[in-house]
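Comments concern the structure below.
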Amino acid sequence: RKREGQGVSGPLRNRLEQLKKPWWREPTPLVLQHSETARLAVDAFLEQGERGYLSAIAEERELPFLSTLDMEYMSHQRNLSYPELNAMKDKEGDPGDADTGDRSSLCSELTSGTYFPLMSDVHPPELELGWPGIPLLTVSGQTQATVIFQRNKANSIKDLFRSLISRARTVIAIVMDLFTDMEILCDLLEASSRRHVPVYLILDEEYLKHFVEMCNKMALTQDSFPNMRIRCLSGDTYYSKAGKKFAGQVLEKFILIDCDQVLAGTYSFTWLCSQVHTSLVTHFRGQIVAEFDKEFRYLYAESKAVTSFSVSDPLSQNTSKSTESLLKPIQNDAETLSASSTVLLERHPELGQGLLPPCPGARPQQC
Numbered sequence: 001r002k003r004e005g006q007g008v009s010g011p012l013r014n015r016l017e018q019l020k021k022p023w024w025r026e027p028t029p030l031v032l033q034h035s036e037t038a039r040l041a042v043d044a045f046l047e048q049g050e051r052g053y054l055s056a057i058a059e060e061r062e063l064p065f066l067s068t069l070d071m072e073y074m075s076h077q078r079n080l081s082y083p084e085l086n087a088m089k090d091k092e093g094d095p096g097d098a099d100t101g102d103r104s105s106l107c108s109e110l111t112s113g114t115y116f117p118l119m120s121d122v123h124p125p126e127l128e129l130g131w132p133g134i135p136l137l138t139v140s141g142q143t144q145a146t147v148i149f150q151r152n153k154a155n156s157i158k159d160l161f162r163s164l165i166s167r168a169r170t171v172i173a174i175v176m177d178l179f180t181d182m183e184i185l186c187d188l189l190e191a192s193s194r195r196h197v198p199v200y201l202i203l204d205e206e207y208l209k210h211f212v213e214m215c216n217k218m219a220l221t222q223d224s225f226p227n228m229r230i231r232c233l234s235g236d237t238y239y240s241k242a243g244k245k246f247a248g249q250v251l252e253k254f255i256l257i258d259c260d261q262v263l264a265g266t267y268s269f270t271w272l273c274s275q276v277h278t279s280l281v282t283h284f285r286g287q288i289v290a291e292f293d294k295e296f297r298y299l300y301a302e303s304k305a306v307t308s309f310s311v312s313d314p315l316s317q318n319t320s321k322s323t324e325s326l327l328k329p330i331q332n333d334a335e336t337l338s339a340s341s342t343v344l345l346e347r348h349p350e351l352g353q354g355l356l357p358p359c360p361g362a363r364p365q366q367c
């Protein structure tokens, strides 16, 4: 599709040109809708790489809106989705290789090009470890929010997470992008195995390998998580009209404690976040907790089980080989909470209030 008229710019370029004119006083309408120009450019990138993307941008007279980071991510995800096509491209220059028709045939075999269901036909997984009802005081209570910044070193965000985990009674539900903090994992092991608190953990699929690496260093096995359910999930999937696709990441970060309170923000479970990265979390109580309860159920239903704690490279030729579990039996007991956790709750007693057992008569709910 060619843009009509040689002087017509793409919507983003046209808006920028107007904003650069100091004499221009007419307000530019804010367009909140799908951009066909952007879709054409992204499809061209997925099909032909950066050269095809730049060609589409020039034809549409639009700004090069994709950053280098965007293109690197899409290229990486595309290579994971279609390793056979990339291996074939490496041989494209050889005279004896398959012709273009053969390559197109392979592409058609790898992608349907027509059927991309948004909803799976498979029943969603059940929260089989149990799920408490939301306490009545939480459902009827007014929403409360307290913001904690990492800059205040006296009130560590990590210590707040660990303190709430140590006081959980009925359930711990976590959505996290990056999890490499051994102390927090020990806290979860202690809660699930010693206090018998069900723990549900959803990790970003792209960063799952780092969690597995941590478990390897701790000499854990899958048997070390009898009362935990560890699952992974990717973000939304973009489909081009030609059948190419790439998936996003799960960048939500929150922990739901006893269906009564939530910590959500920019903090990841890593040593760097606890020591040098700036971050913040918001501590929610009251009616708003029900929204996080609902969101976790949605994410859990879309997630898939982590059945093997082994690291493999999807692009490697050895992907078909079976790999041994990286996890070995746990040798040491979970570490106790640091003294700073107690100090934190003494300074902010409201953060530890309301950790109630399930309402009398309430039964665990299932997805």
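Taken in order, the sequence shown gives residues 1 to 367; the numbers are from UniProt numbering.
From the three backbone atoms N, C-alpha and C, an ideal C-beta is built for every residue, glycine too.
Burial check for PHE225: the Cβ neighbour count within 10 Å reaches 16 or more, so the residue is buried. Pairing ILE174 with ILE288 gives a Cβ-Cβ distance that is not under 8 Å. Proximity to GLN150 across ALA290, THR278, HIS34 and VAL171 peaks at THR278, based on C-alpha coordinates. Looking only at GLU60, LEU299, PHE309 and PHE292, the smallest Cα-Cα distance to ALA38 is reached by GLU60. According to DSSP, residue pairing for PHE246 in a beta bridge involves TYR238.
For GLY265, DSSP records a beta bridge to VAL281. Looking from the CA of PRO29, the closest CA among ASN14, ALA191 and CYS186 belongs to ASN14. Per the DSSP secondary-structure output, TYR200 pairs in a beta bridge with ALA173 and ARG229.
Between GLY265 and GLY248, the C-beta gap is not smaller than 8 Å, which leaves the two residues out of contact.
The stretch 175-182 makes contact with the stretch 197-206: 3 or more CB pairs, one atom from each, lie closer than 8 Å. For the pair of segments examined, the stretch 126-145 was found to touch the stretch 289-302: the number of CB pairs separated by less than 8 Å reaches three. Taking C-beta separations shorter than 6 Å and ignoring five residues to either side along the sequence, the partners of LEU164 in its chain run ILE257, following chain order. Distance from the Cα of GLN222 is smallest, within the candidate group LEU32, VAL306 and ASP293, for VAL306. Only buried fits ARG162, as 16 or more other CB atoms lie within 10 angstroms of its CB. In the same chain as LEU12, and ignoring 5 residues on each side of it, the C-beta atoms closer than 7 Å to its own belong to GLU62, LEU63 and PHE65, in chain order. Bridge pairing for VAL147: THR282 [DSSP]. Of the candidates ALA41, GLU47 and ALA191, GLU47 places its Cα closest to the Cα of GLY243. Counted as a single uninterrupted DSSP element, the beta strand (DSSP E) harbouring LEU256 occupies residues 254-257. Taking each of ALA219, ASN155, GLU128 and LEU263 in turn and checking the Cα distance to TYR300, the smallest one comes out for GLU128. For TYR200, the closest alpha carbon among the candidates LYS209, GLU213, HIS210 and LEU185 is that of LEU185. DSSP places ALA41 in the helix class (H, G or I) of the three-state scheme. Residue nearest to VAL31 within the set ARG51, GLY10 and PHE45 is GLY10 (criterion: CA-CA distance).
Residue pairing by DSSP places LYS304 opposite CYS232 in a beta bridge. Rounded to whole angstroms, the gap between the alpha carbons of ASP187 and HIS196 is 12 Å. Going by DSSP, ARG25 is part of no alpha helix (DSSP H) at all; its letter is neither H nor E.
Counting the other Cβ atoms within 10 Å of the Cβ of LEU160 gives 16 or more, which makes it buried. Secondary structure at PHE309: coil, using DSSP grouped into helix, strand and coil.
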